[in-house]
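Peer 1: After the structure tokens below, expect a handful of questions from me.
Residue numbers (our numbering): 46 to 160.
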């Protein structure tokens with residue numbers, strides 16, 4: 046059974062950093078385009094970042110220059126390094142893996158930025 050498990054969320058300080066991880070099982074992450082999404086209370090889920098199979102990345106404007114996505118294929122893991130945290134980054138963060146084989150989501154990890 047395919048699973049994506051996020052970790053690394055928690056309480057972050059204003060201006061601080063957190064690194065999220067997403068580890069896949071029963072799925073070779075190297076064969077998938079991966080992405081991070083987030084959902085703040087009362088808001089729709091929004092795309093945050095994509096990390097392609099070759100490592101290229103794209104970001105929503107609100108996190109450009111602050112967040113960096115990466116992947117470590119031997120560990121079947123993708124990351125989201127979040128720097129210069131802002132209160133508006135508070136949300137549940139989800140990772141997604143997609144290919145022609147299908148699309149899979151993790152269960153989410155809560156990130157709360159305190160001011």
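Every residue gets a Cβ at the ideal spot worked out from N, C-alpha and C, and that includes glycine.
On a predicted model such as this, the values are computed, not experimentally measured, just so you know.
Pairing CB atoms from the segment 52 to 72 with CB atoms from the segment 87 to 103, are three or more of them under 8 Å?
Peer 2: no
Peer 1: Suppose you measure from the CA of residue 122 to the CA of residue 86; what does that come to, to the nearest Å?
Peer 2: Counted from its first residue, the chain shown places residue 122 at position 77. Counted from its first residue, the chain shown places residue 86 at position 41. Taking the straight line from one Cα to the other gives about 27 Å.
Peer 1: Tell me which residue opens and which closes the beta strand (DSSP E) that residue 52 is part of.
Peer 2: As a first step, residue 52 is located in the chain shown; it is residue number 7 there, counting from the start. Per DSSP, residue 52 is one residue of the beta strand (DSSP E) stretching across 48 to 52.
Peer 1: Check each candidate in 65, 98, 151 and 72 and name the one with the smallest Cα separation from residue 130.
Peer 2: Taking the chain shown and counting its residues from 1, one reaches residue 130 at position 85. Out of 65, 98, 151 and 72, 65 has the C-alpha closest to the C-alpha of residue 130.
Peer 1: Rounded to whole angstroms, what is the Cα-Cα separation between residue 73 and residue 111?
Peer 2: For the purposes of this step, residue 73 is taken as residue 28 along the chain shown, with counting starting at 1. For the purposes of this step, residue 111 is taken as residue 66 along the chain shown, with counting starting at 1. So the two alpha carbons sit approximately 28 Å from each other.
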